[in-house]
Amino acid sequence: MFDDINDLYQQVILDHCKQPRNFHEMPRCSCSAQGFNPLCGDNLKLFLTLDNDLIREASFVGSGCCISKASASLLTENVRGKSKLEAEQMFERVRELVTTGKATGDVGKLAVFAGVYKYPARVKCAILAWHALVGALKGENNPVSTENDLN
Ligand code: ZN
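Everything in the sequence shown is counted per the working numbering, starting at 2 for the first residue and increasing by one.
Here it is in structure tokens:
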């Protein structure tokens, strides 16, 4: 899929795809949101445990392509310990990264998705979990779809 992307990036994505982190339901979560990308068939549910404004725990379940699973897995690691505002700022950075290949500010391990912008069909796979995150933080109960007024 990635012809000229850094091998290390590819390895991280494959690793998180094959062995997703925090891949479980969270029965007593503070909030959750379902995300669906009909173009690819990615379908995942994100769970968050909040402590006032802080994200204490994040997990997900679901099925989808390697990019969507790796993105959700890395998201759950990335947002732990962040405030809601910081998580929303990270969403904006990741969206910028996957659509342009560059990000304003530090994206940590999410940098592995820097090559996704070259594959427009995969951008929604990479950003799906982040849409679900924002939906969960806003307390929206409706499933989040990449094909509904999201971009
Ligand atoms: Zn996908």
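For every residue, glycine included, the Cβ atom is placed at its ideal position computed from N, Cα and C.
Span of the alpha helix (DSSP H), counted from its first residue to its last, around residue 79: 67-80
beta-carbon residue 60 near the ligand ZN non-hydrogen atom, thresh 7 Å: no
Beta-bridge partners of residue 50, as assigned by DSSP: 58
Whether residue 17 touches residue 74 by CB criterion (8 Å): yes
Candidates 55, 56, 66 and 20: closest to residue 129 by CA position: 66
Closest Cα partner of residue 10 within the set 52, 63, 81 and 117: 117
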